[in-house]
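In the order they appear, the protein sequences are chains A and B. If you number the first sequence the way this note's numbering does, the last residue is 241 and the count never jumps. If you number the second sequence the way this note's numbering does, the last residue is 320 and the count never jumps.
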Amino acid sequence: MNAIILLAQRELKTYLNTAWGWTVMAGVLLVVGLLFNVFGLSERPRYSAEVLEDFFFYTSGTIIIAGLLLTMRLIAEERQTGTLVVLESAPISAAQVVAGKFLGAWGFLMCIVASTVYMPALIFINGKVSVAQMGVGYLGLALAGSAAISIGTFASAISRNQLLAAVLGGAMALLIVICWLLSGLTEAPLADILAYMAMWDKHFQPFMRGRLNTENVVYFGSLSFIFLLGATRALQARRWQ
Amino acid sequence: MIEVSHLSRFYGDHRAVDDVSFTIASNTIVGFLGLNGAGKTTTLKVIAGLLPPSAGTVRVDGEDLASAPESFRKRIGFLPETPPLYIEQTVREFLRFVGRLRGMSSSSVETRLPSVMSRCQLDGREDWVIGQLSHGYRKRVGIAQAIIHQPNLVILDEPISGLDPVQIVEMRKVIRGLAEECTVLLSSHILTEIEHTCDRVVVLQQGKMVFEGTADELRGRTHSSDSPSVRIVVRGDGEEARSVMASVDGVTEAVLIEEVAPLATIWITQSREVSEDLAAAILGAGMGLRRIEGKGDELEDVFVSLTRGAARSASSGGAA
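Here's what the structure looks like:
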């Protein structure tokens with residue numbers, strides 16, 4: 001456990017001490033801020049719940065992209081610079097390495113998510129916001145961010161360089177997001193399976209509306225676990241090839 | 001005590017390490033010597049637990065990697081040829097991180113740090129960002145990370161590569177000092193370096209161990225190497241120079257032993273005095289002749305004669 005915390009702290013410090021972490025954070029705040037200004041603060045009268053739903057809609061996409069951008073360096077960079085030897089020669093398991101790196105990256109992503117809170121809080125000025133909807137929406141963002149970080153960590157573990165990791169991670173995330181489109185083009189039972197797998201359409205939208213459903217929480221938890229397990233296996237395979 | 005028993009390692013069908021066995025007593029410095037591709041780095045990585053052996057075992061004080069991987073790794077410190085450093089951290093931060101990662105408590109890392117800094121001659125550089133350090137200091141930080149957790153065995157892969165002469169002398173002192181607290185295994189293809197630094201020498205040829213003993217014992221092999229030899233330093237492509245010299249009548253063998261552009265050093269055995277013919281052939285091929293040394297270093301002759309089989313097959317295969 002100590003090794004996991006140690007690695008998570010190191011990753012978190014790396015994001016805080018390098019331009020990359022701050023660049024991603026600034027990019028997220030800029031994009032979400034602009035979208036909130038355009039869609040959330042429009043002249044047309046709208047229900048507060050609707051404004052909040054829209055906020056979680058575009059913030060989720062931005063957070064998923066940010067998660068992939070943060071994680072592309074996680075393992076691929078260590079492989080490129082040769083520092084992976086420090087971890088491989090230490091008396092720790094591949095699972096501990098992956099868990100530590102995941103927690104560090106996810107922790108920083110949650111700092112980014114937390115920094116967007118002022119936008120839904122602005123709705124309080126002229127509207128009524130359900131704190132529950134806000135809480136459930138942010139839980140959804142945390143879970144979607146966890147899935148994105150896991151997919152990115154896996155992509156980084158199997159890639160030789162960061163660029164390839166970003167492309168692979170993006171492709172995998174896109175595939176999981178557009179499963180609902182693919183389900184429309186296929187027939188049952190494949191269509192049912194693809195519809196269930198659709199990360200955003202099937203499992204994130206309820207969070208936007210403030211509906212907390214165990215099935216969706218389990219889905220995001222399972223998705224994260226599967227990709228982290230894949231990253232662990234990839235690291236183990238490299239250690240023993 | 002380090003016991004390596006019938007160690008082999010394959011990459012696909014290629015046998016990189018072939019049935020290597022030796023035992024090293026504690027607090028000894030052992031040098032692994034061999035031409036490029038002889039299997040030095042692979043052997044060191046297997047011993048360090050970074051690669052699994054295809055056959056055989058490595059035991060450090062009775063522990064082996066297969067049965068107790070964590071305990072085994074705690075007993076070993078490893079420095080690859082390029083030091084694995086987080087260049088954005090300071091020396092102190094990096095060593096603290098590595099120490100904690102290898103199971104030390106915060107307080108024991110703090111207690112250990114001053115002696116490691118002193119041992120690696122890093123005093124005064126504790127709060128320098130690693131990215132600002134010279135290559136020589138980075139190597140020392142690399143050694144510091146390998147010994148921070150007080151391992152029983154420290155493995156250094158080509159520790160002097162890329163260092164200038166002053167840094168080499170300082171690095172020798174650092175490595176000699178390490179033997180006071182642990183066993184040291186290092187690799188190099190520079191014979192004089194191994195002779196200056198190591199108590200014992202292991203020579204590898206195509207993954208096989210062809211010699212194990214002291215440098216004096218290695219030198220004793222010179223009696224079996226009775227062909228007169230010369231070393232020739234030329235300006236030009238090493239492989240081309242080697243083939244030009246090999247075609248001179250009277251040359252029984254030509255081995256490219258070092259190539260640092262634009263110069264190449266060729267080791268020649270001859271059946272008669274061929275220096276003038278060699279000079280004519282080199283100049284005729286449009287290359288520059290820098291030096292002909294009548295008799296190579298005794299130890300170098302032995303080393304080349306031990307490993308020439310590997311060099312010959314590498315040359316015939318077109319490899320450097």
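C-beta atoms are modelled at their ideal positions from N, C-alpha and C, and glycine is treated no differently. All values reported here derive from a predicted model rather than from experimental measurement.
- Looking at A/G170, A/N161, A/L164 and A/W200, the one whose alpha-carbon comes closest to that of A/W180 is A/W200.
- The closest CA to that of B/A38, considering only B/P114, B/R9, B/P52 and B/T28, is found on B/R9.
- Of the residues A/V136, A/L109, A/T186 and A/L6, the one whose Cα lies closest to the Cα of A/R209 is A/V136.
- For B/L7, the secondary structure class from DSSP, reduced to helix, strand or coil, is strand.
- Annotation: Cβ neighbours of B/L50 in chain A (cutoff 8 Å, chain order): V85, E88, S89 and R239.
- Residue-level contact by beta carbon holds for B/F78 and chain A, with a gap shorter than 8 Å.
- Closer than 8 Å to the CB of B/G56 there is not a single CB belonging to chain A.
- Checking the DSSP bridge columns, you'll see B/M209 partnered with B/L204.
- Below 8 Å, enough C-beta pairs join the segment 144–152 of chain A and the segment 60–67 of chain A to call them touching: three or more.
- Considering only B/V203, B/E240 and B/T252, the residue with the shortest C-alpha distance to B/G288 is B/E240.
- Take A/F55, set aside five residues on each side of it, and the residues of its chain with a beta-carbon closer than 7 Å to its own are F36, G40, M119 and P120, in chain order.
- Taking a contact as a CB-CB distance under 8 Å, the pair B/I130 and B/Q89 counts as one, their CB atoms being some 6 Å apart.
- The alpha-carbon separation between A/N126 and A/E43 amounts to approximately 12 Å.
- Beyond the five residues adjoining it in sequence on each side, B/G238 comes within less than 6 Å, by CB distance, of L256, E259 and A264 in the same chain, given in chain order.
- Under the DSSP assignment, B/H135 falls in the alpha helix (DSSP H) whose first and last residues are H135 to I147.
- For B/S188, the enclosing beta strand (DSSP E) starts and ends at T183 to S188.
- Between B/F97 and A/R10, the C-beta spacing is below 8 Å.
- C-alpha of A/V218 to C-alpha of A/I176: approximately 16 Å in a straight line.
- With respect to the C-alpha of A/G140, the residue from A/V167, A/S115, A/N216 and A/T81 having the closest C-alpha is A/N216.
- Neighbourhood of A/L6 in chain B, by CB distance below 9 Å: F97, R100 and L101, in chain order.
- Among the residues of chain A, those whose CB is under 8 Å from the CB of B/L85 are T83, following chain order.
- Look at A/A3: its C-beta is under 8 Å from a C-beta on chain B.
- Using a CB distance below 9 Å, the part of the segment 22–52 of chain B facing chain A consists of A48, G49, L50, L51 and P52, ordered along the chain.
- Judged by DSSP secondary structure, A/Q205 falls outside any beta strand (DSSP E) and instead within the alpha helix (DSSP H) spanning Q205 to M208.
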